[in-house]
Amino acid sequence: MSKFIHNPVMLNEIIECLKVKPNGWYIDATFGRGGHTQAILDKLGPNGKLIAIDKDLDAIAYARQKYAHDARFQIYHACFSDIPKLLGNNAGKIDGILVDLGVSSAQLDDPSRGFSFRYEAKLDMRMDQSQQVTAAQWLESASSKEISTVLKQYGEEVDAHRIAEKIIAARAIQPIETTKHLSDLISQVKVRYHKKKIHPATLSFQAIRIHVNKELDALNQLLSDAPNLLKKEGILAVMSFHSLEDRMVKRSFRKLVTPNLPKKLPIMEKAIQRPFDWHLKRAMPSSNECEINPRARSAVLRAIRKG
Ligand SMILES: C[S@@+](CC[C@H](N)C(=O)[O-])C[C@H]1O[C@@H](n2cnc3c(N)ncnc32)[C@H](O)[C@@H]1O
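Under this note's numbering, the first residue of the sequence shown is numbered 22, with each subsequent residue one higher.
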């Protein structure tokens, strides 16, 4: 089993939010190292069910070993955009879905996964090791325009164009195959940035990771599927770690709790049938949790409940 771990973020808040029923069926769409899964299993009775999903083969191996003897637990190596296919006839029977977005500490802290500028390693960034294209391979063939669009859209990187040009010039001399090579190139562009708190390569690394893993496409699909997977009173809880994701979650939840009625209809607010209610509009980790686990700092949790 891999030695890298992950501290579950907002564990108590999430368990409180899911209101786990002993005989309920739950989905942990982002198993990671199972911190939230374990807490849900602790609340489930012998007839409850927990379906877990992850793209990462290390996460799958960990889950298979740890829960081999727990009949309530089932793990799938899949993207969470495939949940409707995995559930088949069981769609519509789910009491709660948890989505804890992004990468795990187990992925970030393992140098061989090539996610982080903190380690000298092969530039990889695939959550799913069976996927074909690594970050290095993408940077080898993408045009300057493609690179700068990704950096701008997914990293909100103000120096996107200059970084893209730097990458194109550098790869003509030598392929960009390591995290260090890429982060050095970005740092050379962002010279005035060095006094700031975050590393100059932070936003570009985030953007390339989001692109390589098609993270926002998967989230979009999940947000459109998940409401139909829940049964009455089922809860969908999503925790995001940057504003792009949180904006998508907020907009999609807002649409579900706001029925599309013509304006100025003579109906009392209370009489409107809503397919979903806000269950938790917005919660963030306590300052104590952020101190103990700085990676929790940017977390935002939102949840809706099927009416
Ligand atoms: C933040 S971690 C989850 C940590 C987990 N809640 C825990 O307590 O250990 C996110 C996990 O979701 C996985 N993941 C991210 N996007 C995914 C997707 N679209 N489909 C399946 N798994 C995904 C990642 O591989 C990673 O293991």
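Every residue, glycine too, gets a C-beta built ideally from N, C-alpha and C. Note that this is a predicted model, so its numbers are computed, not measured.
Checklist entry - When DSSP labels each residue in this structure, what does T279 get in the three-state scheme? => result coil
Checklist entry - Where V259 and H202 are concerned, what is the direct C-alpha to C-alpha distance, given to the nearest angstrom? => result 35 Å
Checklist entry - Are the Cβ atoms of D148 and K76 separated by less than 7 Å? => result Per the sequence shown, residue 148 should be read as Met rather than Asp. The answer is yes: Cβ separation under 7 Å.
Checklist entry - Over what stretch of residues does the beta strand (DSSP E) that includes K364 continue unbroken? => result An answer regarding residue 364 cannot be provided, because it is not within the stretch 22 to 328 covered by the chain.
Checklist entry - How about F297: is its Cβ closer than 6 Å to a heavy atom in ligand 1? => result no
Item to check | Which residues DSSP lists as bridging L71, in chain order | outcome: Y47, F94
Checklist entry - Is there contact here, the segment 144-162 with the segment 176-183, by at least three beta-carbon pairs under 8 Å? => result no
Checklist entry - Which stretch, first to last residue, makes up the alpha helix (DSSP H) that contains A80? => result 78-87
Checklist entry - Is there at least one non-hydrogen atom of ligand 1 closer than 6 Å to the beta-carbon of C100? => result yes
Next on the checklist: Checking the sheet assignment: what are the DSSP bridge partners for K143?
Outcome noted: T199
Checklist entry - Looking at S169 and A181, is the spacing between their C-beta atoms short of 7 Å? => result yes
Item to check | Minimum C-alpha distance to R134 - residue among S162, L237, E198, S102 | outcome: E198
Checklist entry - What residues are listed by DSSP as bridge partners for A317? => result DSSP output for A317 lists no bridge partner at all.
Checklist entry - Candidates N309, G328, G255: which alpha carbon is nearest A112's? => result G255
Next on the checklist: K252 and K114 - do their beta-carbons sit closer together than 7 Å?
Outcome noted: yes
Item to check | Alpha-carbon to alpha-carbon, A222 and L21 | outcome: Missing from the structure shown is residue 21; the chain here goes from 22 to 328 and no further.
Checklist entry - Using a Cβ-Cβ cut-off of 7 Å (strictly less than) and excluding sequence neighbours within five positions of E11, which residues of its own chain qualify? => result Outside the shown range of the chain, which is 22 to 328, sits residue 11, and nothing can be said about it.
Checklist entry - Quick one: is A190 buried, meaning 16 or more other Cβ sit within 10 Å of its Cβ, or exposed? => result exposed
Next on the checklist: With a threshold of 8 Å, are at least 3 pairs of Cβ atoms found where one atom belongs to the segment 204-219 and the other to the segment 257-275?
Outcome noted: no
Item to check | Alpha carbon of H90 to alpha carbon of D145, nearest angstrom | outcome: 34 Å
Checklist entry - For ligand 2, any of its heavy atoms closer than 6 Å to the Cβ of M148? => result What this structure holds is ligand 1, not ligand 2.
Checklist entry - What runs of the beta strand (DSSP E), each 3 residues or longer, lie entirely inside the segment 193-266? => result 251-261
Next on the checklist: Am I right that H27 and A127 are in contact with their C-beta atoms under 8 Å? What's the rounded C-beta distance?
Outcome noted: 5 Å
Checklist entry - Can you give the Cα-Cα distance for D131 and N309, rounded to whole angstroms? => result 26 Å
Checklist entry - What does W159 pair with, by DSSP beta-bridge criteria? => result Note: W159 sits in no beta bridge, so no partner.
Item to check | G117 - containing beta strand (DSSP E), residue span | outcome: 115-121
Checklist entry - Can you name, in chain order, every residue of its own chain whose Cβ lies under 7 Å from the Cβ of D116, other than the five neighbours on each side? => result K42, G45, W46, Y47, K252, G255
Next on the checklist: By alpha-carbon positions, which one of A60, A80, N314 ends up nearest to L119?
Outcome noted: A60
Checklist entry - How is the beta strand (DSSP E) around K302 delimited, first residue to last? => result 297-304
Item to check | Whole-angstrom distance between N281 and N68, CA atom to CA atom | outcome: 38 Å
Checklist entry - With 16 other CB atoms within 10 Å as the buried threshold, where does G66 fall? => result exposed
Next on the checklist: DSSP three-state label for T134, please.
Outcome noted: Note on residue identity: the sequence assigns Arg, not Thr, to residue 134. R134: helix per DSSP, three-state reduction.
Item to check | Residues of its chain near V124, where Cβ-Cβ distance is below 8 Å and the 5 sequence neighbours each way are ignored | outcome: F136, M148, R230
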